[in-house]
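Here the structure is laid out as structure tokens; the discussion comes afterwards.
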Amino acid sequence: VIGAGTMGRGIAASLASAGVAVTLAERDPKALEAGLNGIRGLWERSSAFRKGELTAADLDKRMTLVRGSTDANLGDLSDCDAVIEAVFEGMDLKQAVFEQLGAVCRADALLCTNTSYLDVDVIAAASGRPERVVGTHFFSPAHIMPLLEVVRGAQSSPESQGQALALGRRLGKTPVLAGNCFGFIGNRMFEPYTQQAVLLLEEGATPSQI
């Protein structure tokens, strides 16, 4: 998982909860430390932990599955089966990350972007292996929300799509296959809905009326 922010932490927590070993990549050592502490914090604040269904020993065991990396070249991800990018929502940054992944990852590695709106095909092209790239749009908080949009790019292979759907099911998510368009499914519906609410406010409606 690339990026130790809110989404990266939630995705890493989902993977570790399912028994999947995770490398959390973050260039800034302080941000990485905060991310690793944040993952444990997600579990400590869970209802399962408060009810005693998860113990401190359980959390310790899960944390052994998560290791951090500050390798700026992403070399520590070279042997991963799958990589999920969860960096800031900027096309230039995501393209740069996928160019690096294309250079260091195994030829059979599944490369996933957690973009919410951006063009998966443009991101995939930067990797040099677009057939191995799909979108995996987790919803926040990623360790709780069940929906996972698996976004099929123009060149995403059937195998890549199937692997992403299978990963989602292993995490206990409800994976759905989406086409590559602005906002995919959920956000494509959410954006005009929100725009109408803003227009109503501008036209004089009160928040309670909206």
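Each residue of the sequence shown is one higher than the last, beginning at 501 in this note's numbering. For every residue, glycine included, the Cβ atom is placed at its ideal position computed from N, Cα and C.
Limits of the alpha helix (DSSP H) - the one that residue i falls within
i    : result
P692 : 686 to 702
F598 : 591 to 604
A624 : 620 to 627
Reduced DSSP category for residue i - H, G, I as helix; E, B as strand; rest coil
i    : result
L665 : helix
G503 : coil
F549 : helix
I511 : helix
L536 : helix
L671 : coil
A557 : helix
L542 : helix
P658 : helix
P529 : helix
S517 : helix
G575 : helix
V630 : In the sequence under discussion, the amino acid at residue 630 is Pro, which differs from the Val named in the question. Helix.
Boundaries (first-last residue) of the beta strand (DSSP E) holding residue i
i    : result
R567 : 566 to 569
V633 : 633 to 638
Contact belief for residue i with residue j at Cβ below 8 Å, rounded distance in angstroms
i    : j    : result
S616 : E589 : 6 Å
E526 : G503 : 7 Å
A521 : L593 : Actually they do not touch by this definition, with Cβ atoms about 26 Å apart.
Q600 : L574 : 5 Å
L524 : G535 : 6 Å
N680 : V620 : 5 Å
Beta-bridge pairing of residue i - partner residues as DSSP gives them
i    : result
V711 : Nothing in the structure corresponds to residue 711, since the chain is present only between 501 and 710.
E585 : I502, T613
V522 : V566
Original post:
Between the region 537 to 557 and the region 513 to 529, do three or more beta carbon pairs fall short of 8 Å?
Top reply: Per the Cβ contact rule, the region 537 to 557 is in contact with the region 513 to 529 (3 or more Cβ pairs under 8 Å).
Original post:
Can we say the region 620 to 631 touches the region 645 to 655, given the rule of at least three CB pairs closer than 8 Å?
Top reply: Note that the region 620 to 631 touches the region 645 to 655; at least 3 beta-carbon pairs, one per stretch, sit closer than 8 Å.
Original post:
Between the region 573 to 583 and the region 597 to 611, are three or more C-beta pairs nearer than 8 Å?
Top reply: Segments in contact, yes.
Original post:
When the Cβ atoms of the region 636 to 649 are set against those of the region 669 to 679, are three or more pairs found closer than 8 Å?
Top reply: Segments in contact, yes.
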